[in-house]
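Working notes, beginning with the structure itself.
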Amino acid sequence: MSEGAHRNPSSGRDASWLVGADLMAVALAFIGQIVLTHALLEEQYGWMVLAIDLYASLFLIVDLGLPTLLARDGTKAPSMVSTAVWRTYRWQILAALPFVFLAVFARPEGLLNIEAPTSLLVLAGLIALVHVASYAPRSGLRVLGEARLEAMTKVVERGLTVAAYAVLASQGSTSATAYTGAFLFGATAGWLLALYWLMRTAPKPTSTITWNDLGASWSSSKALLFSALPFAITLGILPYVVRIEKFMVAASGGATLGAVFHVAQLVWLAGLVVPAAIRSALLPVFGQVRDDPAEHRRELGHATNMCFGLLPYGLFGGYLVVHFLAPIAFPAAYLDGTHGASAVDLFTVLLAGWGFTLLATPTYASLMAGHRPWRFTLFILLVLLAAVALGAVLVLNGPAENGAKLYAAAIASSLSAGVLLVLSWWMSGEITSVRARQDEWTLVLLCMAFIVVGLTTQSLWWVFGLPLFLFTKQGWRAVRSTLD
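Residue 342 in the numbering used here sits at position 349 of the sequence shown, with consecutive numbering throughout.
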């Protein structure tokens, strides 16, 4: 493939592919969770989801921030992308070794009351490592304008996982270890497919490797690791921002209570793929225009309009999906208050956090692609500290009654997302852009508040949030303006 044959990244086109694929993967994951909750006892289900989350959090720092750096800088030299992926793998393998030893000897699963078999824990750790390995080739595909192929790898991964779950369930399996192995099978297939497609689509490397073509950050090993360090630290922190409340619930209330909160978070976490996909699409675009203030403002405006337009559909769509499908999909114990609270009611409280996260996406991505990566690291650290403080006050030192503890965790999660939004405005340096549109921002936040309060209390307050749909037109216009 020639140097000129690859496609350029496009925020609208790539976000459309990634959001669509992630939503499809979410639907498949939802089906998978239905299979798991019916096939496994509540405690065993709690072991599985907590172990996977625990090792995902522990091993994510092995990423070293290099795929993020590749997504930011790869557009400068597309012919170097495949070589950069292999360079990334060499460093990641070295970085993985101490964390594997830490997992083996420190046994962190004991902190969360996970009494799972060793084989399940090993499989959960391998899942985390395979997912880390998949990030570099997927970032490479996105840089080459092939977000459509990246999107397909995610659907294939999730589809094979759910198919394997279905086979096990049809055979009457009740082994959490077997289902964790099925998860590993799907994750491995998705990673290898991404790597294969990258090697097929990447421009052929030149005979002479000139790392400076990717920028000064790639000129030497020292420069590379130092430039990626802020992203590596951030990746080590980031998983705890969305998982800290669940970990606190499990630590203070047991694995079963943690499983109930996990079910409440399922669609909420699934919904977070939308801002994550938009952020992934924006990073190469913002990386290209970060030295062009006018173009940067234009792209930021388009991204903000997209998020405004998506917000009402996510709020109402998520609520309808959970309200009508959860009683069909999940055992009654997760929904009827057997363990203190209904997962559906908890999810409705979490909707506010989803809205805050979506609205923070443009300024979050702008900060991530900027010239001061350590500022981005500080941003994530401050969000984590806020989440820990809120969780400590509302969950660990809050009510002892199970239902109240679960509601407190949901409120803490949404409040920490609100902190993320405000900090992203300030630390990205885009507060002027926010103030320039303060009337729109005020309307959006008020409408979102009315919708969440109305749905949570099952009152008609949500009607006052309907003006949010007025942003649909400008959101669609923003998507179309960035399509190739």
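Using N, Cα and C, we set each Cβ at its ideal position, and we do this for glycine too.
From a predicted model like this one, the values you see are computed outputs, not experimental measurements.
- Straight through space, the alpha carbons of proline 223 and leucine 59 are spaced by roughly 10 Å.
- Inter-segment contact for the segment 412 to 421 and the segment 439 to 447 is absent: fewer than three beta-carbon pairs are separated by less than 8 Å.
- Looking only at Phe340, Leu186, Phe94, Ala169, the smallest Cα-Cα distance to glutamate 36 is reached by Ala169.
- Around the beta carbon of phenylalanine 317, fewer than 16 other beta carbons sit within 10 angstroms, so the residue counts as exposed.
- The beta carbon of glutamate 139 is closer than 6 Å to those of Thr194 in its chain, skipping five residues each way along the sequence.
- Under the DSSP assignment, tyrosine 327 falls outside any alpha helix (DSSP H); it carries neither an H nor an E label.
- Spanning the alpha carbons of leucine 16 and glycine 458 requires a straight line of approximately 24 Å.
- By the neighbour-count definition (other C-beta atoms within 10 Å, threshold 16), lysine 466 is an exposed residue.
- In this structure, the beta-carbon distance from valine 242 to valine 388 falls below 8 Å.
- Minimum Cα-Cα distance from leucine 153 among the listed residues Thr68, Pro320, Phe219, Ala182 corresponds to Ala182.
- Within its own chain, the residues whose Cβ lies closer than 6 Å to the Cβ of tryptophan 211, once the five positions on either side in sequence are excluded, are Trp204, Leu217, listed in chain order.
- Where glutamine 164 is concerned, there is no enclosing alpha helix (DSSP H), because DSSP gives it neither an H nor an E.
- If you draw a 10 Å sphere on the C-beta of glycine 165, you find fewer than 16 other C-beta atoms in it, and that means exposed.
- Nearest to alanine 157 by C-alpha distance, out of Thr199, Thr173, Lys147, Ala144, is Thr173.
- Considering only Thr350, Val42, Pro460, the residue with the shortest C-alpha distance to threonine 435 is Pro460.
- Annotated three-state conformation of aspartate 432 is helix, per DSSP.
- Here tryptophan 40 is buried: its Cβ has 16 or more other Cβ atoms, across all protein chains shown, within 10 Å.
- Nearest Cα to leucine 188 within the set Ser50, Val78, Gly13: Val78.
- Burial of serine 132 is indicated by the presence of at least 16 other C-beta atoms within 10 angstroms of its C-beta.
- Distance from the CA of valine 260 to the CA of phenylalanine 23, rounded to the nearest whole angstrom, comes to 8 Å.
- By the neighbour-count definition (other C-beta atoms within 10 Å, threshold 16), methionine 192 is an exposed residue.
- Taken atom to atom, the span from the alpha-carbon of serine 409 to that of valine 234 is near 8 Å.
- Counting every other CB atom within 10 Å of its CB across the protein chains shown gives glutamate 394 a total below 16, marking it as exposed.
- By the Cβ-count criterion, tryptophan 455 is buried, with 16 or more other Cβ atoms from all chains shown falling within 10 Å of its own Cβ.
- If the five residues before and after alanine 257 are omitted, its C-beta is found closer than 6 Å to the C-beta atoms of Ala336, Leu339, Phe340, all from its own chain and listed in chain order.
- DSSP places proline 268 inside the alpha helix (DSSP H), whose first and last residues are 266 to 282.
- Judged by beta-carbon spacing, alanine 225 lies beyond the 8 Å limit of aspartate 7, meaning their Cβ atoms are not closer than that value.
- A residue is called buried when at least 16 other Cβ atoms come within 10 angstroms of its Cβ; lysine 147 meets this threshold and is buried.
- Straight through space, the alpha carbons of arginine 236 and leucine 275 are spaced by roughly 24 Å.
- For the pair of segments examined, the segment 302 to 314 was found not to touch the segment 285 to 293: the number of CB pairs separated by less than 8 Å stays below three.
- Taking the Cα positions, tryptophan 84 is about 23 Å away from arginine 365.
- When secondary structure is reduced to three states using DSSP, threonine 68 falls in the helix class.
- Rounded to whole angstroms, the gap between the alpha carbons of methionine 73 and glycine 208 is 11 Å.
- Going by DSSP, glutamate 35 is part of the alpha helix (DSSP H) stretching over 35 to 52.
- Straight-line measurement puts the Cα of alanine 296 at about 14 Å from the Cα of glutamate 433.
- With a minimum length of 4 residues, the unbroken runs of alpha helix (DSSP H) contained wholly in the segment 340 to 406 fall at 366 to 384.
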